[in-house]
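Numbering (full-length UniProt numbering), first residue to last: 1 to 155.
Using N, Cα and C, we set each Cβ at its ideal position, and we do this for glycine too.
Everything on this sheet refers to the single structure shown next.
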């Protein structure tokens, strides 16, 4: 495959993901993630969000869980896909925290504990932000997730 073909395929994936996510056609997003592993890292919005960032931002826990499961089941690129940051430097967990979604924070931290310690563009980790903002419940959930799981990102 030539470089030009690869670029065109990547653009197609990005456009397709954005369209189906914007329409709320989450089953199609899950299918794309399942069949095209390159989609896991595709930034599909103007703010550099992946489809998973968008699902988290919309509070769609079931879809986020399915997309994370698809990424984790991949043979390659898991760490990179789950730790990808948008243009603000936010990971999935930062996005969930910024929405005040405690359940989503807990879900993400449980499924992928290393995100608890990943900093944003300002080098602020989600656990630091929770402590700084006085979000005791979220802080405790993130602390528990960090204590329970492998926080190295190597799965």
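What does the Cβ neighbour count give for residue i, buried or exposed, with the cut at 16 atoms within 10 Å?
i           : result
residue 136 : exposed
residue 11  : exposed
residue 122 : exposed
residue 140 : exposed
residue 91  : buried
Apart from the five residues just before and just after residue i, which ones in its own chain have a Cβ nearer than 6 Å to its Cβ?
i          : result
residue 37 : 74
Taking the continuous alpha helix (DSSP H) assigned at residue i, which residues delimit it?
i           : result
residue 84  : Run containing residue 84: none; DSSP gives neither H nor E here.
residue 115 : Unbroken run through residue 115: none, as it is neither H nor E.
residue 126 : 126-132
residue 141 : 136-148
Looking at the structure shown, is residue i part of a helix, part of a strand, or coil, going by DSSP?
i          : result
residue 50 : strand
residue 65 : helix
residue 28 : helix
residue 99 : coil
residue 11 : helix
Once the 5 residues before and after residue i are set aside, which same chain residues still bring their CB inside 8 Å of it?
i           : result
residue 155 : With a pLDDT of 39 at residue 155, under the threshold of 50, the modelled position of that residue is not reliable, and the figure given next carries that caveat. Here the set comprises 72, 78 and 79.
Taking 7 Å as the limit between beta carbons, can you name the residues of its chain near residue i, skipping five residues before and five after?
i          : result
residue 31 : none
If we call anything under 8 Å between Cβ atoms a contact, is residue i one with residue j?
i          : j          : result
residue 59 : residue 14 : no
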